[in-house]
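Quick note, the sequences are listed as chains B and C, same order.
With the first sequence counted from 1, adding 861 to any position gets you this note's numbering.
With the second sequence counted from 1, adding 1288 to any position gets you this note's numbering.
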Amino acid sequence: MSETLIAKPAVSTTTPPEGERKGLTKKEIAADHPTWCPGCGDFSVLALYFKLIEKRKMLHEKITTIAGIGCSSRFPYFVQAHGAHFIHGRALPFASGISLSRPDLHVFVFGGDGDAFSIGGNHFNHTARKNVKMTYCVMDNWVYGLTKKQTSPTSPLGFKSKTDPWGAVDYPINPMKQAIAAGATFVARTTHTNPNHVLQMMEAAMDHDGFSFIECLSECVEFYEGAFDSSNPRKGGVFNEIPKNHDVTDELAAYKLAGEPFPGHFGIFYKSNKPTKNAKEAEISKSLQSKVTGLKDWQILQKNFDRMK
Amino acid sequence: MSNATTGAPSSGGASKVSSINEVVIRIAGNSQDGIQAIGGFLARLAGRSEQEVMTFMTIPATISGGASIFQVRMGSGEVLSSGDDADILLAFYQHSYEDHLGSLKKGGIVLYDSDHVQPKPELQGDYHHAGVPISGLTVEAIGGTAKDKGKNLYALGLIAKMFDLNVPKLEKLLGERFTGKDPSILNNALAAFHAGYSHSLGNILETFKFVDAKKKDGTQVVMNGNEAIGYGLIAAGVRFGAGYPITPWSDIMELLRRELPKYGGTFIQTEDEIAAISMAIGGSYAGRVAVTGSSGPGISLKTEALGWAVMAEMPLVIIDVQRGGPSTGMPTNIEQSDLNIAINGGHGDSPRVVIAPANVEDCFYMAIEAVNIARKYSVPVILLTDQGIATRIEAFVEPKLEQVCQDISPDFSPVADHKPYDLATKDGITTHVPPGTKILSGKYPIATGLEHDELGHPTGSPKLHMLMTAKRRKKLQALGASLPVPKVYGPPEGNVLLVGWGSTEGPIKEAVDRARAVGDSVSSLHLRHLNPLPNGLENIFAGYNHVLVVEMNDEGLYGFGQLGQVLRARYCDPKIQGINKTDGLTWKVKEILERAKTNVAAGLRKI
């Protein structure tokens, strides 16, 4: 029987066990110098991804970084590891294809608010509800940056852009509410100005067995400067972590937290342990394979052909 | 019906037995009557009797109800098409009778359900009429509650009697069909069948007996084109795919969803067409060539991601079961109008491979070929079939699965260094190294839709764009050069060469046979590789005065169908002309011949 869903590819024997292994250094894991503007919040997310890889001693060949299109979606070029820069809005189904056929890989998807909630909105909902195992980090800057300042699905009402010179008129998407309603099993919010918190959320997301979603506020200094100042203590704002007594399994409480006015709270809003799509598909396969135990692939097919004679 | 020993059926008179080589039976009713089941039983019986068989069906796009037909041609010799005109029409309703009598040969037999059909006196002279109260007798045979259920099997019994079909084999087929269900269902089915079989058609009709078929090499399997593709992909080693339901592609995704888990794989039903191709590409990227597919509008939706697979040089198989277009078009009708989108669909210069199976057996083997081309050339391959071939049932010699099935499990052995878009390779062919592979140099590849350097990192360099564009083209040219020159059917020189592609091979070959039988100089050529084309076609064309491209698509603004345009562009030969139609139906042999004659008589068109 072929080894696809069920079995993991053999780990290279030259790899030392995790305890003796050193984490990859920034030098080993950094590739191209980012094309982002100086001061862009995305630099901080990239640096913390490197830190996560180092801290968690990930195997170099198992890291898979996927993105769609947008400023933040340039991410894979800056990471010295396997990766793909896919088309606009479709990073999640692409990553699902990897996740569902390769349980041995760490699948990380990075993108922006346009990619996630506008052109890719449908995929966001369905990947969340299917609970495909991966980590999705959306660097939300409330504006289209790569195309130079058009209204984004998360732009607040009144935001003046090139497509809304009089101020945005469409009600923005609330990413936390969207994710909870869609059935995401790990929903967290953080901001690029608090590196420790970003790393903490990334680690928790990575450890979650399922679709883990992080909204990371990431300021666009070029087209939406100061958007998140009220969440940044260094700019006179407040960074409020989610209250200790919040029950992350309480969907309604999470939804209420998500409805607070900006800057709201940061941390894990919602988490549940529903079985993943990966596990369910593997279960189906295991059950059907048990009926053809001991048969080679061609013999399984032969059984079908025998019925067509 | 070609009679081997005797003349045409006698009118009236005592019943007699005639030997026949083949017969075309058209069954007309509504979509919920189970007429596909009758046709399916006949086709499988023919397959088990070493006979040739081909079927043709139309199903309405409506969910339930609506007129539906199934035509089956079975015979002891070679069967190339589903037949122009029927020898026997089985009509369940008045509309079936009135709409389909025209497709019955003069002197043919119309067998009708006299509970629903009022035959027209003025037609009695042209066709042998045989009325049987099929509905009433079915209810009588299997009980009043059964309503119309089972009348298809009653009719199957009538046909079995008329053609002296092998009853034990049919009983076995019924047993297999109704296996595992409530035993009373099988008993009812057999009761209905036997009631029909023992019904006396009186002495108004003769009965027929097939002459013995020539011994085939090995046993035959009977399936339709969609099934052959699904099983071909499994034999090829495909274990992952994604799709979205659309007619007539859905059967393939249902089959893969059902079967792949047995092999440790899976097939995912996605939220939309774009997600389907994206997920399949993700599966390919992960290491094992994956499949997606669609029909009509679904193919249009997939083109952006298809362009990514071309740019990123990712292996992928896309099945396009063509239907009538544009837009929602004619979902359950046949058309060959997706060749343009298959070859050129999408923005930018995006060369990809397009191949088209000509019959059901081809569907199986070309699914494997598609996978192997995709892997070898790191390119998306579109397997172009159509509604006709998808639902057409044919018998073919059973593949030797132990030899045919291949293992394409990815290799994750570490590599010293890897350039995914290496410009130094011969013919531009590079291979994809999947994630999980350790790259000892520490330089990892990025798969990308941006124009890129050899490692996959973005570039704006005009020189690199030129080199990479040429690389993506050159590997297809290398594939083209490796393709075998297709064989001409008929003499290599003559007046007319009919050129076809896809599901039309059978009727075109039959047209050649029929034309040659009356002394016309006609040969044919069937193309399976459409992009790239094989080399050497110009030498074949040189042997004929007229090259007529037979296609089920529009003649276009300039008078040529979609393949016609490609051949014109490549060979700049004014003798290449088009024979096109857009009625949503398969070619009849006589249609091809009439159109060819008109075309040749008109001389070369001035353009």
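Even for Gly, the Cβ is constructed at its ideal location relative to N, Cα and C.
Treat the numbers as computed from the prediction; the structure is a model and nothing was measured.
Proximity winner among 1609(C), 1716(C), 1676(C), 1618(C), relative to residue 1655(C) (alpha-carbon distances):
1609(C)
For the putative contact between residue 942(B) and residue 972(B), defined by C-beta atoms under 8 angstroms, what is the C-beta separation to the nearest angstrom?
Rounded, the Cβ-Cβ distance is 17 angstroms, inconsistent with contact.
Considering only the alpha carbon of each residue, which of 1629(C), 1572(C), 1440(C) lies closest to residue 1601(C)?
1572(C)
I want to see whether chain C comes within less than 8 angstroms of residue 911(B), judged by CB atoms only; does it?
no
Run through DSSP, which three-state label would residue 1103(B) get?
coil
Using a Cβ-Cβ cutoff of less than 6 angstroms, which residues in the same chain neighbour residue 947(B) once the five nearest sequence positions on both sides are dropped?
929, 955
Taking 6 angstroms as the limit between beta carbons, can you name the residues of its chain near residue 1450(C), skipping five residues before and five after?
1495
If we count the other Cβ atoms within 10 Å of its Cβ and call it buried at 16 or more, is residue 1032(B) buried or exposed?
exposed
From this set, 1382(C), 1864(C), 1677(C), 1404(C), which residue's C-alpha is nearest residue 1623(C)'s C-alpha?
1677(C)
Just mark residue 1022(B) as buried or exposed, buried being the case when its beta carbon has 16 or more other beta carbons within 10 Å.
buried
Return no unless some Cβ of chain C is closer than 8 angstroms to the Cβ of residue 914(B).
no
Can you tell me which of the three DSSP states residue 1154(B) falls into?
coil
Specify the secondary structure class of residue 1327(C) as computed by DSSP and reduced to three states.
helix
Exposure of residue 1024(B), with buried meaning 16 or more beta-carbon neighbours within 10 Å
exposed
When DSSP labels each residue in this structure, what does residue 1133(B) get in the three-state scheme?
coil
For chain C, is any of its Cβ atoms less than 8 angstroms away from the one on residue 962(B)?
yes
Taking Cβ-Cβ distances shorter than 8 angstroms, what residues in chain C pair up with residue 1165(B)?
1519, 1547
Within the continuous beta strand (DSSP E) that includes residue 1757(C), where are the two ends?
No beta strand (DSSP E) contains residue 1757(C), which is instead part of the alpha helix (DSSP H) from 1750 to 1770.
Could you please give the first and the last residue of the uninterrupted beta strand (DSSP E) stretch that includes residue 1077(B)?
1072 to 1078
Between residue 922(B) and chain C, is there a C-beta pair that is closer than 8 angstroms?
yes
Identity of the residue in 1596(C), 1825(C), 1781(C) nearest residue 1638(C) by Cα
1596(C)
If I measure Cβ to Cβ from residue 1885(C) and keep anything under 6 angstroms in the same chain, skipping five residues before and after, which residues do I get?
none
Hey, is the stretch 1050 to 1058 of chain B in contact with the stretch 965 to 982 of chain B, meaning 3+ C-beta pairs nearer than 8 angstroms?
no
Against residue 1560(C), what residues of chain B qualify as contacts under a CB-to-CB distance less than 7 angstroms, listed in chain order?
983
Give me the residue from 1845(C), 1787(C), 1791(C) with the minimum Cα distance to residue 1838(C).
1787(C)
By the 10 Å Cβ neighbour count, where 16 or more other Cβ atoms means buried, how is residue 1078(B) classified, buried or exposed?
buried
Measuring only the C-alpha atoms, how far is residue 1557(C) from residue 1749(C)?
40 angstroms
For residue 1373(C) and residue 1888(C), the rounded distance between their alpha carbons
25 angstroms
Where residue 1833(C) sits in the DSSP three-state scheme
strand
For residue 1577(C) and residue 1712(C), what's the separation of their Cα atoms in angstroms?
24 angstroms
Are the stretch 1514 to 1522 of chain C and the stretch 1645 to 1661 of chain C touching by the rule of at least three beta carbon pairs closer than 8 angstroms?
yes
Own chain partners of residue 1019(B) with C-beta closer than 8 angstroms, once the 5 adjacent residues on each side are dropped:
1028, 1029
Is there a C-beta anywhere in chain C that falls below 8 angstroms from the one on residue 1041(B)?
no
Interface residues of the stretch 1568 to 1586 of chain C facing chain B [CB-CB below 8 angstroms]:
1568, 1569, 1570, 1571, 1572, 1573, 1574, 1575, 1576, 1578
Can you tell which of 1100(B), 1083(B), 1041(B) has the C-alpha that lies nearest to the C-alpha of residue 1091(B)?
1100(B)
Could you check whether the Cβ of residue 1034(B) sits closer than 8 angstroms to any Cβ belonging to chain C?
no
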